[in-house]
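Numbering (our numbering), first residue to last: 18 to 130. Notes for the one structure printed next.
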């Protein structure tokens, strides 16, 4: 197991500011529940659109139940502000459109660094 010096980790984290994590999986597969476990929280994710505006959970509920997520939306747990999660929107069999949206998003993030 590799152990990193905490001072070295802090130096990199200060430079980066936060980690972006793209969560992949089928719609309603339990991705949010998995994130809650990993982040050791039971709180709901706060969702922000590309303009930084908070999206109301009540407004999103119907879309979330159908598996619709905008991959560009940022999802954050207040207790873990150093991590920004993005939802893959769920991959369904043969969903080339969803795969292309995900690839375009990843490329845009990479080229913006």
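We put the CB at the ideal spot given by N, CA and C, even for glycine. These numbers were taken from a predicted model, which means no experiment stands behind them.
Residue 97 versus 66, 52, 32, residue with shortest Cα-Cα distance: 52
Simplified DSSP state of residue 32, which is helix, strand or coil: helix
Going by the CB atoms, is the gap between residue 48 and residue 40 shorter than 7 Å? yes
Residue 91, enclosing beta strand (DSSP E) - first and last residue: 91-93
Hey, could you find the ends of the beta strand (DSSP E) residue 73 is sitting in? That residue, residue 73, is in no beta strand (DSSP E); it is neither H nor E in DSSP.
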